[in-house]
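From first to last, the protein sequence lines stand for chains A and B. Per UniProt numbering, residue 1 is the first one in the first sequence, and the count goes up by one each step. Per UniProt numbering, residue 1 is the first one in the second sequence, and the count goes up by one each step. Ideal Cβ placement from N, Cα and C applies to all residues, glycine included.
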Amino acid sequence: MIATQNLSFAYATDKQFTFPDFSCADRETMLILGKSGKGKTTFLHLMALLLKPTGGKIQINNQEISELSVSAAADFRAKNVGIVYQKPHFVHALSVLDNLLLSNYLAGKNQAKDKAKHLAESLGFAEHLSKKTTQLSQGEQQRVSIARALMNSPSVILADEPTSSLDDDNCLKVIELLKKQTQEIGASLVVVTHDQRLKDVVEKRIEL
Amino acid sequence: MNLLKISTSNLKDKPLTSFLSILLMALGIAIISLLLLAGKQIEEKFTRNVAGIDMVVGAKGSPLQLILSSIYQIDAPTGNISMEEANRLTRSPLVKSVIPLSMGDNYQGYRIVGTNPKYLEHFQAEFEQGKVFENPMEIVVGAKVAKNLGLKVGDSFASQHGYDQEGHAHDAKKFKVVGILKNTNSVLDQMMVTPLESVWEVHDEGHHEEEVGKGANALKLLEEDNNNVEANSPMDEGKEITSMLVKFRNPAMGMMMARSINLNSTLQTATPAIEINRLFALMGFGIDALKLIALVIIIVSGLSVFVSLYNSLKERKYEMALMLSMGASRTRLFLLLLLEGLIISVLGFVIGIILSRLGLWIMSENIEQNFHYDFNVLSLLKEEFWLFLGGLFIGILAAAIPSLGIYNINISKTLADE
C-alpha cells in the first residue's frame, strides 16, 4: 500500500505544488488525473523518492519513507517501487532479457531468468527476449518496461502516462495488463496521467 | 548481468569507435614494445660478441666499419693489411693474444672467415660434430649455417668471392667440412671458419684469372685494387689479412699502444666499446624519436576514449538516470564507465604486445635473410610491465574525466525531461 499526507514540493519560491492526500491499498488501482503543468510527474517522482518533498509524509507498507537518506531511498526504491515511464527507455546496448535482469542486479537481488521469461510470456514478447530493445515496436517496448517494473515484485507500481502515446486498442490492453500483473503480485498500482480514456476502466481516482 | 557485461555490451554497441580506440592503443604499445625489444636484443647481441676483445687492428678507414666487419660480420671490411706488419704488433709485451681474420669469400651468403683455432676458443665454441680444422681448405661451420644449408661433416663446396651470393665462384678449390659447431648464440653461428691459408690459397689461384668489373660489386673492386697494388709492389711477396682482434694484458696501457699505432703506421685501431657506444648514440636518437611518436599515438588513443565516452555520456544521460532510479549508486556507474576505459587499455595492450612480437618476428626473418642476424622473439620485458601500467593509467584517466559527469546528473529532471 501507499499513502500520502499534505505532500508539497517547491522547485522555486514561485513554483510550488501541494498535492491532495490519497491512499491506495494492495491490489488497488489509483488514477491521478491532471492536465500538463499540474505537477503530475513531480507527484510521481515524490512517491518514487526521486525527489525529496519540502513537506508532508509518504508511507509505503506503513513505513514512513519521506525522511530516508539518499542512498537508503535508492535502496528502498529499487526493492519496493516499480516505475513505468511515459516513454519506454532502456539501456540500449543490452538485450531485452538483460534489461529485465538489470532490474534485479541493480536492486541487489538474485537474477531471476525464469521470472523474466514468465513475464515475457504473459505480456506477449517472449520471442523478443534476445533482441535489442530498439528492434521492438512502441507497444512492445511499453510492455517490456512494465515487465521490468515487476521484476523485483515491488509493493507499489508507479506508472507515468503509460498509455498516452498508444492508440485506443493498445491503451486498454496496457492498462488491463498493468492491473492484472499488479494484482498478481499483490501490489498497489498508481497511474498518473492526463489520458481521459482511463477514467472508464479505473474506479478510484483523484484530480490535480 | 554484471558491470563487466554492461561495459562490454556498451563497447560492442559502438564497434567502430571501440575498434579505433583499441587500435590506437595497440599501435602505440606495439611500437614502443617493438623498439624496446629490438633495442634490447641488438644491445645484447652486440655486447655478447664484443666481450673479451679490447682492440681491432685493420686497414685505415672508418673505425666503426672496422668493428662492424671484424666483430659483427655485418659490414664490408676496410681493406687488407700486411700480415707481417700486423705480426710485429703481437710481439709487444702489452698484448695478451691476437686472432687474425681474413675475409673475402662467402658460401650461399654466409661469410667464410680465415683465422686460427683461437677464434673458436674465443667464443668457447663446442663441436656438435667433427673437429677443428688442421689443414688448409678444411672448414668448420656455425650451427645456424649448418642448419640452414644442411651441411654435414664430409661435405665439400666451392666458395664465392665477396660477401653475397652473386660473387664469382672459386670453382677450382673446394672447401671440405670437418666440423659443425654447437649453437653459441653469437655471430659465430652465422659463419664458417677456416685456416688463414685456405683464403690465401683460394685467392692466389683465382686472382689473376678474375676479370674485374664483370658482375663485381664495389667491394670486390676495392679489394682487387688492393691486391693489385700489393702484387705489383716488387718487394712484397708477403701474405695479407683483413684485420686482427687483440686482447691486452692491461687495457689501459693498451690504449696508449693503440694511439701510437694510429699515428705511426699504415694500420688503424678501433676500440669496440667506444665504437659501439657511438653507434648506439646514433641509433638512440632515432629510437627516441620513434618512442615519442608512439607516445603521441597512445595519448591520441586516450583522447579517442575520452571523446567517445564524453559523447556517449551525453547520449546515455537518460540511461544513467534510469539505472540510478533502479538502485545503482553513482559510484557504481562511475566504475562502469571506468571499466570501459580499462577494457580498451587492456585489450589494446594485449593486442599491442602480440603485434610487437609479430613485428619482431618478421623483422628477424628479414634480418636473418639479409644479414644472418637473428632475434629471440618471445621474451617479455620488465619495461613492458611499466608500459602496461602507463597504458592503463591513460585509459583510466581518459575514462575518468568525462565519467565524473555521473555525479552531476539530476535523476528526476533527466527522467522528466525526456
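Exercise. List the residues of chain A that I411 of chain B touches, going by C-beta distances under 7 Å, in chain order.
Key: L50
Quiz item: Is V177 of chain B closer than 8 Å to V141 of chain B when the C-beta atoms are compared?
Solution: yes
Quiz prompt | DSSP three-state assignment for G206 of chain B, whether helix, strand or coil | solution = With a pLDDT of 45 at G206 of chain B, under the threshold of 50, the modelled position of this residue cannot be trusted; read the value that follows with caution. Secondary structure of G206 of chain B (DSSP, three-state): helix.
Quiz item: Which word fits T193 of chain A, buried or exposed, when buried means at least 16 other C-beta atoms lie within 10 angstroms of its C-beta?
Solution: buried
Self-check item: chain A contact residues for N2 of chain B, given Cβ-Cβ distances below 8 Å
Solution: Chain A residues near N2 of chain B: Y105.
Quiz item: Looking at chain B, which residues of the stretch 51 to 81 of chain A have a Cβ within less than 8 Å of any of its Cβ atoms?
Solution: L51, S71, A74, D75, R77, A78 and K79
Quiz prompt | Presumed contact (8 Å Cβ cut-off) between V156 of chain A and I60 of chain A, rounded CB distance | solution = Sure, about 6 Å apart at Cβ, within 8 Å.
Practice problem: Leaving out five residues on either side along the sequence, give the residues of the same chain with a beta carbon under 6 Å from the beta carbon of V201 of chain A. | Solution: I175
Self-check item: Where the alpha helix (DSSP H) through R278 of chain B begins and ends
Solution: P272 to E315
Exercise. Please check the pair P402 of chain B and L342 of chain B, which I expect to be a contact at CB under 8 Å, by giving their CB distance rounded to whole angstroms.
Key: No, P402 of chain B and L342 of chain B are not in contact; Cβ-Cβ is about 14 Å, not under 8 Å.
Exercise. Run the CB neighbour count on V212 of chain B, radius 10 Å, all protein chains shown included, and call it buried at 16 or more, exposed below.
Key: Annotation note: pLDDT 38 at V212 of chain B (below 50); position unreliable, coordinate value reported separately. Counting Cβ neighbours within 10 Å, V212 of chain B comes out exposed, since fewer than 16 surround it.
Quiz item: Under the rule that 16 or more other beta-carbon atoms within 10 Å means buried, what is I83 of chain A, buried or exposed?
Solution: buried
Practice problem: Return the bridge partner residues of T29 of chain A from the DSSP annotation. | Solution: In DSSP, T29 of chain A forms a bridge with A:L189.
Exercise. Could you tell me the distance, in whole angstroms, from the CA atom of E340 of chain B to the CA atom of T17 of chain B?
Key: 12 Å
Quiz prompt | Opening and closing residue of the alpha helix (DSSP H) in which A147 of chain A lies | solution = Q138 to L150
Quiz item: Roughly how many whole angstroms lie between the Cα atoms of I112 of chain B and L34 of chain B?
Solution: 32 Å
Quiz item: Any chance the stretch 379 to 397 of chain B sits against the stretch 342 to 353 of chain B, with 3 or more Cβ pairs inside 8 Å?
Solution: yes
Self-check item: Sheet register partners of Q5 of chain A (DSSP bridge)
Solution: A:K57
Practice problem: Going by CA-CA distance only, name the one from B:I32, B:D13 and B:I53 that's closest to L292 of chain B. | Solution: B:I32
Exercise. State the Cα-Cα distance for the pair I81 of chain B and R91 of chain B, rounded to the nearest angstrom.
Key: So the two alpha carbons sit approximately 17 Å from each other.
Practice problem: Keeping to the same chain, check which residues put their C-beta closer than 6 Å to that of L151 of chain B; ignore five residues upstream and five downstream. | Solution: Excluding sequence neighbours, L151 of chain B sits near V141 and V177.
Self-check item: Rounded straight-line distance, which links the Cα of M283 of chain B to that of F133 of chain B
Solution: 38 Å
Exercise. State whether the stretch 314 to 323 of chain B contacts the stretch 90 to 104 of chain A, with contact taken as three or more CB pairs (one from each stretch) at a distance under 8 Å.
Key: yes
Quiz item: Does the pairing of the stretch 387 to 394 of chain B with the stretch 296 to 311 of chain B give three or more beta-carbon distances under 8 Å?
Solution: yes
Quiz prompt | CA nearest to the CA of L64 of chain B, picked from B:I274, B:G154, B:G286 and B:L20 | solution = B:I274
Quiz item: Taking the beta strand (DSSP E) that D160 of chain A falls in, what are its first and last residues?
Solution: Counting along the chain, D160 of chain A sits inside the beta strand (DSSP E) bounded by residues V156 to D160.
Quiz item: Ordered along the chain, which non-local residues of its own chain (more than five positions away) have a Cβ less than 6 Å from that of Q129 of chain B?
Solution: V153 and I180
Self-check item: Alpha-carbon to alpha-carbon, S329 of chain B and L380 of chain B
Solution: Rounded to whole angstroms, L380 of chain B to S329 of chain B spans 40 Å at the Cα level.
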